[in-house]
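To start, the structure itself, in structure tokens.
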Amino acid sequence: MATPRLAIRATALGGVSSRAIAPRAATWICPPRAPFGTTSSQGARTSLATAGATARPRAPSRTTVPVSTIRWSSSDSTPSRLWTFEEINQTLTAPTSTSTSTTTPKVTLIDVREPSELARTGRIPGALNVPISSAPDSFHIGADEFEERYGFARPDPEDGGGGGGNVVVFYCKAGVRSRAAAQIARSAGWRAEAVGEYPGSWLDWVEKGGKIER
Numbered sequence: 066m067a068t069p070r071l072a073i074r075a076t077a078l079g080g081v082s083s084r085a086i087a088p089r090a091a092t093w094i095c096p097p098r099a100p101f102g103t104t105s106s107q108g109a110r111t112s113l114a115t116a117g118a119t120a121r122p123r124a125p126s127r128t129t130v131p132v133s134t135i136r137w138s139s140s141d142s143t144p145s146r147l148w149t150f151e152e153i154n155q156t157l158t159a160p161t162s163t164s165t166s167t168t169t170p171k172v173t174l175i176d177v178r179e180p181s182e183l184a185r186t187g188r189i190p191g192a193l194n195v196p197i198s199s200a201p202d203s204f205h206i207g208a209d210e211f212e213e214r215y216g217f218a219r220p221d222p223e224d225g226g227g228g229g230g231n232v233v234v235f236y237c238k239a240g241v242r243s244r245a246a247a248q249i250a251r252s253a254g255w256r257a258e259a260v261g262e263y264p265g266s267w268l269d270w271v272e273k274g275g276k277i278e279r
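Sequential numbering of the sequence shown, starting at 66, is according to this note's numbering.
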């Protein structure tokens, strides 16, 4: 049985035993691992996949040109002669049908717009209508079929030029279809000097006050 003196001493020491206590080693607590296939692991895999996809070079995109943006061009080695408003207007008053000159050709104006367009706007006086969009074979058919289809004789492809022959001058609304018609005529056998274009066409004719036949 402890004596009062020993009890007082034990109380003063705070109840600490006199035995030496070895220090405890630090304990590391490992956080629980997320099971395979959880949101965390899936997110990591997704990030890696995304990074790989981003680093992969992209193939250049292919540009498609709409067909409607392609324009006809007279880039061949023998382009047609280009006629001005003044030259076209002069042919309307020139007495070509009775002229005996061997240097002045007879000019045949051909409007290559559709008949419905001519019905709305009229035409240059004396111009003949050969709609090139709906009948692109017009200058590849025979002379008899041409006359039966359009009501007038087909110009002679061997005629024309500066020797007093026939010169065909095409026009349309803005000069695009007339350029195509000139190309078709040349490909069908018309000599380059016998084929002309009025690039200003109907819009230029109206703007400059040209006469209109309805």
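Don't be surprised by glycine CBs; every beta carbon is placed ideally from N, CA and C.
Would a C-beta distance cut-off of 8 Å place V260 and S145 closer than the cut-off?
yes
Considering only their Cβ atoms, is the gap separating P190 from V177 smaller than 8 Å?
no
Could you check which residue in G240, A253, A192, A257 has the C-alpha nearest to that of P201?
A253
My output table needs one value for T156: the three-state DSSP class, helix, strand or coil.
helix
Which residues in the same chain as L268 place their Cβ atom closer than 8 Å to its Cβ, once the five residues preceding and following it in sequence are excluded?
K238, A239
If you follow the beta strand (DSSP E) that D303 is in, where does it begin and where does it stop?
Residue 303 is absent from the model: the chain starts at 66 and stops at 279.
Where do the N-terminal and C-terminal ends of the beta strand (DSSP E) with F235 fall, by residue?
231–236
What are the start and end residues of the alpha helix (DSSP H) that includes E182?
180–186
Could you give the uninterrupted runs of the alpha helix (DSSP H) lying entirely in the segment 194–218, keeping only those of 4 residues or more?
208–215
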